[in-house]
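Asks:
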Amino acid sequence: MNTKKNDAHKKNVEKDQDQLSPIAEEEASGSPAKGEQEEPIDSLDDLKQQLENQSDRYLRLMAEFDNFKKRVSRDYERLVESANEKLMGELIEVRENFERAIRTDEKCSDPKSMFEGMKLIFTKFNDVLARNGLEPFAQAGEPFDPQLHDALMKVPSADIPEDHVVEVFEKGYNLKKRVLRHAKVIVSSGMPDTKK
């Protein structure tokens, strides 16, 4: 009787195994399903080769970038030098005019003509600086601006309102709209105190 039970049990197990889905069979057997394919796993040598190729590429890019930085730096230096050459070329004229004025002064006894000559040279010099972006600023009576002015002291003034420039000790200069040198000024502290 036990033998009949065992045979019946075996038939049930076989029947159950026949009813398993193909996916369950593949999972049980460890093989992939029909639609899926195993992706090939690269060998260690292939991975090493890929890593070496990427490393070489990275090193080449770094070298190219370094060369690019050097080239840009050289180009910038050349640009600055050429800008300086232009300015120096214009200033040579002014220097030569001063030299001529000094030689003329040794022969000339008229101080008025010497002064007029110096004014002309100063005008020429000022024009050269203005063409190259230099602009002076600071005048008595304008409002004090700590972005533009350095206050040397405050003094009472009956004519100039408080926190306005009374006197310009040194002019300030902008070079192409950027402050090159702050103006040194004396600032009004307002009306003088007359209660004494």
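Quick note on this note's numbering: the sequence shown kicks off at 66 and runs consecutively.
Where is the CB? At the ideal position from N, CA and C, for every residue including glycine.
1. Establish whether the CB of residue 161 and some CB of chain D are separated by less than 8 Å.
2. Between residue 250 and residue 158, what straight-line distance do the alpha-carbon atoms span, to the nearest angstrom?
3. Check whether the Cβ atoms of residue 233 and residue 209 sit closer than 8 Å, and answer yes or no.
4. If you draw a straight line from the alpha carbon of residue 146 to that of residue 114, how long is it in whole angstroms?
5. In the DSSP assignment, the beta strand (DSSP E) including residue 184 goes from what residue to what residue?
6. For residue 157, does the three-state DSSP call read helix, strand or coil?
7. If residue 221 and residue 174 are in contact, beta carbons under 8 Å, what's the gap, nearest whole angstrom?
8. To the nearest angstrom, how far is it from the Cα of residue 85 to the Cα of residue 110?
9. Beta-carbon within less than 7 Å of residue 197's beta-carbon, same chain only, minus the 5 sequence neighbours each way: which residues are those?
10. Roughly how far, in whole angstroms, is the beta-carbon of residue 252 from the beta-carbon of residue 203, given that I think they are within contact range, below 8 Å?
11. In this structure, how does DSSP classify residue 127 when only helix, strand and coil are distinguished?
12. Since residue 236 and residue 211 are thought to touch, with beta carbons under 8 Å apart, how far apart are those beta carbons, to the nearest angstrom?
13. Which residue from 199, 112, 223 puts its Cα closest to that of residue 206?
14. With a threshold of 16 other CB atoms inside 10 Å of the CB of residue 149, please say whether the residue is buried or exposed.
15. According to DSSP, is residue 199 part of a helix, a strand, or is it coil?
16. What does residue 235 pair with, by DSSP beta-bridge criteria?
17. I'd like the list of long-range same chain contacts for residue 238, defined as Cβ closer than 8 Å, with 5 residues on each side in sequence excluded.
18. Quick check: residue 182 and residue 169, are their CB atoms within less than 8 Å of each other?
19. Taking the straight line between their C-alpha atoms, what separation do you get for residue 137 and residue 127?
20. Could you pull the DSSP bridge partners for residue 215 from this structure?
21. What's the C-alpha gap between residue 125 and residue 139?
Replies: Working from what's here:
1. In the structure shown, chain D does not exist; there is a single protein chain.
2. 33 Å
3. no
4. 48 Å
5. Looking at the DSSP string, residue 184 is not in any beta strand (DSSP E); the run it does join, the alpha helix (DSSP H), is 176-196.
6. Of the three classes helix, strand and coil, the one that applies to residue 157 here is helix, per DSSP.
7. Their Cβ separation, rounded to whole angstroms, is 47 Å, which puts residue 221 and residue 174 out of contact at 8 Å.
8. Confidence in residue 85 is poor, its pLDDT being 48 and thus under 50, which makes the residue's placement too unreliable to answer from.
9. 152
10. Not a contact, Cβ separation roughly 11 Å.
11. It is helical.
12. Going by Cβ atoms, the distance from residue 236 to residue 211 rounds to 17 Å, so no, they are not a contact pair.
13. 223
14. With fewer than 16 other Cβ atoms within 10 Å, it is exposed.
15. strand
16. 249
17. The beta carbon of residue 238 lies closer than 8 Å to those of 199, 200, 201, 202, 244, 245, 246 in the same chain, with the five residues before and after it left out.
18. Result yes, Cβ atoms of residue 182 and residue 169 sit closer than 8 Å.
19. 15 Å
20. Residue 215 is bridged by DSSP to 249.
21. Answer to the nearest angstrom: the Cα atoms are 21 Å apart.
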